[in-house]
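Residue numbers (the working numbering), protein chains in the order written: chain V, 1 to 264; chain U, 265 to 578.
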C-alpha cells in the first residue's frame with residue numbers, strides 16, 4: 001500500500017514524506033520478520049519486570065529506593081534500559097553488522113539520501129522504545145504500580161532520549177571495525193554504566209552519583225522519574241545532559257561513519 | 265561530456281599500499297567495457313572510486329559528466345547509475361518482491377518491478393524470502409537491484425560468478441539487450457570468455473596500472489601476433505624437410521608463424537608439390553587468455569625487478 005503510494009507520486013513535496021514512510025515501512029518489515037531481534041528486544045525487559053514484580057510487589061515506599069516502592073523504581077530504570085537497548089544497543093549491532101555484510105553499501109548505491117536512511121532507523125527505534133515502555137508500564141500496573149498521567153511529558157522524554165541514544169549508537173557503530181565485536185563493545189560500554197547509574201540497584205554514594213550524573217544513563221533515569229512516577233512535566237535539566245551526549249555521538253557518527261567495510 | 269566515463273592518472277593508496285598507481289581509460293556512451301586483471305590489480309578500488317564509495321588520492325574522474333568524488337552531486341549520480349555488487353547484501357527476511365519494491369522506491373523514475381523480475385528470470389519467485397533463494401537466484405536478484413533504477417550506466421562487478429552455464433548465457437543475453445537499449449556498461453570479470461563475448465573493449469589492469477587496452481580480439485597486439493599452425497607430419501618426411509622451422513608436439517608438428525597467410529601458402533605449396541596431405545591442419549591464434557596471462561605476468565615481473573634494488577639497499 002505504502003509502496004504504491006510512494007512509487008506513484010512524482011510530486012516533489014510529497015516525495016520527502018513518502019520516502020520516509022517507505023523507509024520506515026521496510027525497516028518495520030525487516031525487524032518484525034526476524035524473530036530473533038523482535039523477541040530479544042521485548043523479552044528481556046518484560047521478563048525482568050515480571051520477575052521483579054513477583055518478588056517485590058509487597059514492598060512499600062522507602063528512602064533506599066529514592067522514596068519510591070521498589071517496583072516503581074524498577075519500572076523506571078527498566079523502562080530506561082529498554083530504550084537504551086532498542087536505540088543504542090540495537091543500532092550499534094545492526095549498523096556494524098549491516099556494514100560488514102554489505103547491506104549499507106547496497107543502500108548507499110541507491111539515491112536514498114543518508115538522512116532519510118537514518119531518519120527511518122530513528123523512527124523505527126523510537127517506535128520499539130514506545131512499545132517496550134508501554135509493555136513495562138502495563139506489567140507494572142498488574143503489580144499495583146499506578147499508571148502515569150503526564151503523557152505529553154513521557155512522549156517528549158522518550159522521543160528525545162530515543163534520538164539521543166540513537167545518536168550515541170551511530171557514533172559507537174562508526175568506531176567499531178569488526179561486526180563480530182559489536183555486541184561485546186556495546187555491552188562493555190553499557191554494563192558498568194548501568195551499574196553506576198543505579199539501573200540495577202540504587203546508588204547512595206555521593207561521589208559516584210556525581211560522576212554518573214555527567215554520563216548519559218543516570219540523567220535519563222532521573223528524567224523518567226518525574227513523568228513516570230510523580231506526574232511531573234519534562235525534566236529539561238536532565239534531558240539536556242542526555243541531549244549533549246546524543247549530539248556528541250551524532251557528531252562522531254557524521255565525522256567517522258563508513259558505508260563500506262574496511263578494505264584490508 | 266564526450267564520454268560516459270573518463271579516468272586519467274587515477275591514484276589511491278591504503279596506508280603504504282598503493283592499490284591504484286596510474287589508471288586511465290575512457291568508456292563511450294552505449295559501449296560495454298570490461299576491466300580485467302588479477303586479484304589485487306586495483307579493479308575493485310577503481311570501480312569503488314567511480315561509484316562514489318571511495319575518495320581518490322589524485323587524478324581525474326568523470327562519470328556521466330559528474331565528479332563521483334563530489335558529495336553534492338552524489339544523489340544525482342546515483343539516480344542515474346546502477347550497481348551490481350559482488351555479494352548480495354539485502355535483508356534476508358524480505359521477499360524478492362519486497363526487496364525490489366524497496367529499492368524501486370528510492371528512485372524518481374524506476375523501471376516497473378514486474379518488468380525487472382521478468383528480465384532477470386525471477387518470475388514465480390516473488391513471494392519467496394531472500395534467505396530461501398539459491399546462490400544463482402540471489403545473483404539474479406542482485407542484477408535486478410542494479411536495473412531497477414533504469415540506469416544510463418551500469419557497473420557490473422563479476423556479474424556471473426556462481427552462475428551455471430545456462431544462467432550465464434541468460435545473463436549475457438540480458439546484458440546485450442541492455443546495450444541494445446543504449447545502456448553503457450562497465451564490468452569486471454575473471455571469466456575471459458565473458459569479456460570476449462560481451463565487451464566492445466577490454467582494459468587490462470595489473471599492479472594498479474593499465475597495461476593494455478583495446479578490442480578483445482586485438483588486445484596485447486594479438487591481431488598482429490603470430491599464429492600456431494599444426495598438422496600431422498606426412499609419412500616419410502622429417503621435421504627438417506619442411507620449408508619453415510617447426511617443432512614436434514603431441515604427435516603433430518607446430519609451425520609458429522608471424523605472417524600466417526604467407527606461412528600457409530608455403531606449407532600448402534610444399535605439400536602440393538610432393539602430393540601429400542597435411543592431415544588435421546589447424547590454425548590457432550593465441551586466445552584472449554594467452555594475451556592476458558602474458559600481459560599480467562610481464563607487468564608483475566617488471567614490478568618485482570623495480571622493487572629489487574630497494575631490497576638490496578636494506
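In this text, a Cβ means the ideal position worked out from N, Cα and C, and glycines have one as well.
Leaving out five residues on either side along the sequence, give the residues of the same chain with a beta carbon under 7 Å from the beta carbon of residue i.
{"i": "residue 319(U)", "result": "333"}
{"i": "residue 213(V)", "result": "219"}
{"i": "residue 8(V)", "result": "Note that residue 8(V) scores a pLDDT of 44, beneath 50, so its modelled location is shaky and nothing firm can be said."}
{"i": "residue 446(U)", "result": "294"}
{"i": "residue 374(U)", "result": "368, 412, 413, 414"}
Between which two residues does the beta strand (DSSP E) carrying residue i extend?
{"i": "residue 109(V)", "result": "Note, residue 109(V): premise wrong, no beta strand (DSSP E); not H, not E."}
{"i": "residue 349(U)", "result": "Neither: residue 349(U) is in no beta strand (DSSP E) and is coded neither H nor E."}
{"i": "residue 580(U)", "result": "Residue 580(U) cannot be examined here, being either before or after the span of chain U that is shown, 265 to 578."}
{"i": "residue 525(U)", "result": "Looking at the DSSP string, residue 525(U) is not in any beta strand (DSSP E); the run it does join, the alpha helix (DSSP H), is 524 to 538."}
{"i": "residue 421(U)", "result": "417 to 421"}
{"i": "residue 326(U)", "result": "322 to 327"}
{"i": "residue 451(U)", "result": "448 to 452"}
{"i": "residue 493(U)", "result": "491 to 495"}
{"i": "residue 477(U)", "result": "473 to 478"}
{"i": "residue 483(U)", "result": "Here residue 483(U) belongs to no beta strand (DSSP E), and DSSP marks it neither H nor E."}
{"i": "residue 513(U)", "result": "511 to 513"}
Tell me whether the beta-carbon of residue i lies closer than 9 Å to the beta-carbon of residue j.
{"i": "residue 305(U)", "j": "residue 494(U)", "result": "no"}
{"i": "residue 379(U)", "j": "residue 389(U)", "result": "no"}
{"i": "residue 89(V)", "j": "residue 190(V)", "result": "yes"}
{"i": "residue 207(V)", "j": "residue 97(V)", "result": "no"}
{"i": "residue 531(U)", "j": "residue 519(U)", "result": "yes"}
{"i": "residue 303(U)", "j": "residue 371(U)", "result": "no"}
{"i": "residue 49(V)", "j": "residue 75(V)", "result": "yes"}
{"i": "residue 451(U)", "j": "residue 461(U)", "result": "no"}
{"i": "residue 421(U)", "j": "residue 348(U)", "result": "yes"}
{"i": "residue 59(V)", "j": "residue 70(V)", "result": "yes"}
{"i": "residue 199(V)", "j": "residue 41(V)", "result": "no"}
{"i": "residue 550(U)", "j": "residue 492(U)", "result": "yes"}
Please go through the same chain and pick out, in chain order, the residues whose beta-carbon is closer than 8 Å to the beta-carbon of residue i, but skip the five residues on each side of it.
{"i": "residue 142(V)", "result": "53"}
{"i": "residue 20(V)", "result": "116, 119, 120, 123"}
{"i": "residue 274(U)", "result": "284, 286, 287, 288, 310, 313, 320, 322, 323, 324, 325"}
{"i": "residue 202(V)", "result": "64, 65, 66, 73"}
{"i": "residue 17(V)", "result": "none"}
{"i": "residue 175(V)", "result": "252, 256"}
{"i": "residue 265(V)", "result": "This structure cannot settle anything about residue 265(V), because the visible part of chain V is limited to 1 through 264."}
{"i": "residue 4(V)", "result": "Any reading at residue 4(V) needs caution, since the residue's pLDDT is 44, under 50, leaving its predicted position unreliable; the model's value is listed next. Taken in chain order, the list of residues that qualify is empty."}
{"i": "residue 27(V)", "result": "120, 121, 123, 124"}
Leaving out five residues on either side along the sequence, give the residues of the same chain with a beta carbon under 6 Å from the beta carbon of residue i.
{"i": "residue 223(V)", "result": "157, 235, 238, 239"}
{"i": "residue 264(V)", "result": "Here the model assigns residue 264(V) a pLDDT of 48, short of 50, so the residue's position is not dependable, and the following value carries that caveat. Around residue 264(V): no qualifying Cβ."}
{"i": "residue 559(U)", "result": "468, 475, 476, 484"}
{"i": "residue 534(U)", "result": "507"}
{"i": "residue 575(U)", "result": "Note that residue 575(U) has pLDDT 32, beneath the 50 cutoff, so the model's placement of it is unreliable and no number is given."}
{"i": "residue 296(U)", "result": "443, 449, 462, 463, 464"}
{"i": "residue 270(U)", "result": "290, 326"}
{"i": "residue 241(V)", "result": "219"}
{"i": "residue 145(V)", "result": "71, 72, 75"}
{"i": "residue 407(U)", "result": "348, 384"}
{"i": "residue 432(U)", "result": "424"}
For the alpha helix (DSSP H) holding residue i, just list the boundary residues, first then last.
{"i": "residue 585(U)", "result": "Residue 585(U) lies beyond the stretch modelled for chain U, which goes from 265 to 578, so this question has no answer here."}
{"i": "residue 154(V)", "result": "151 to 173"}
{"i": "residue 373(U)", "result": "Premise fails: residue 373(U) is in no alpha helix (DSSP H) and is neither H nor E."}
{"i": "residue 253(V)", "result": "236 to 256"}
{"i": "residue 444(U)", "result": "429 to 444"}
{"i": "residue 340(U)", "result": "338 to 344"}
{"i": "residue 75(V)", "result": "70 to 84"}
- request: Scan the segment 245 to 260 of chain V for residues whose Cβ lies nearer than 9 Å to a Cβ of chain U and list them as they occur along the chain.
  value: Answer in chain order: 259, 260.
query: Relative to chain U, which residues along the segment 86 to 107 of chain V have a C-beta separation below 9 Å, given in chain order?
result: 98, 101, 102, 103, 104, 105, 106, 107
query: Between the segment 340 to 356 of chain U and chain V, which residues of the former have a C-beta closer than 7 Å to a C-beta of the latter?
result: 342, 343, 347, 349, 351, 353, 354, 355
- request: Would you list, in chain order, the members of the segment 178 to 196 of chain V that have their beta-carbon closer than 9 Å to a beta-carbon of chain U?
  value: none
query: Looking at chain U, which residues of the segment 119 to 132 of chain V have a Cβ within less than 7 Å of any of its Cβ atoms?
result: Going along the segment 119 to 132 of chain V in chain order, one finds no residue with a Cβ nearer than 7 Å to chain U.
- prompt: Counting only runs that start and end within the segment 282 to 315 of chain U, where is the beta strand (DSSP E) found for 3 or more residues in a row?
  reply: Runs found: 296 to 300.
- request: Output, in sequence order along the chain, the residues in the segment 28 to 49 of chain V whose CB is closer than 7 Å to any CB in chain U.
  value: 29, 30, 33, 34
task: Note down, in chain order, all residues in the segment 460 to 473 of chain U with a beta-carbon under 7 Å from any beta-carbon belonging to chain V.
output: none
field: beta strand (DSSP E) runs wholly inside the segment 6 to 62 of chain V, at least 3 long, in chain order
entry: none
- prompt: What residues in the segment 308 to 320 of chain U have a beta carbon less than 9 Å from any beta carbon of chain V?
  reply: 308, 309, 312, 315, 316, 317, 318
- request: Pull out every residue of the segment 398 to 432 of chain U whose Cβ sits closer than 8 Å to any Cβ of chain V, in chain order.
  value: 409, 413
message: If the cut-off is 7 Å on Cβ atoms, which residues from the segment 358 to 369 of chain U count as contacting chain V, listed in chain order?
response: 358, 362, 365, 366, 367, 368, 369
Alpha helix (DSSP H) runs wholly inside the segment 175 to 223 of chain V, at least 4 long, in chain order: 182 to 196, 206 to 213
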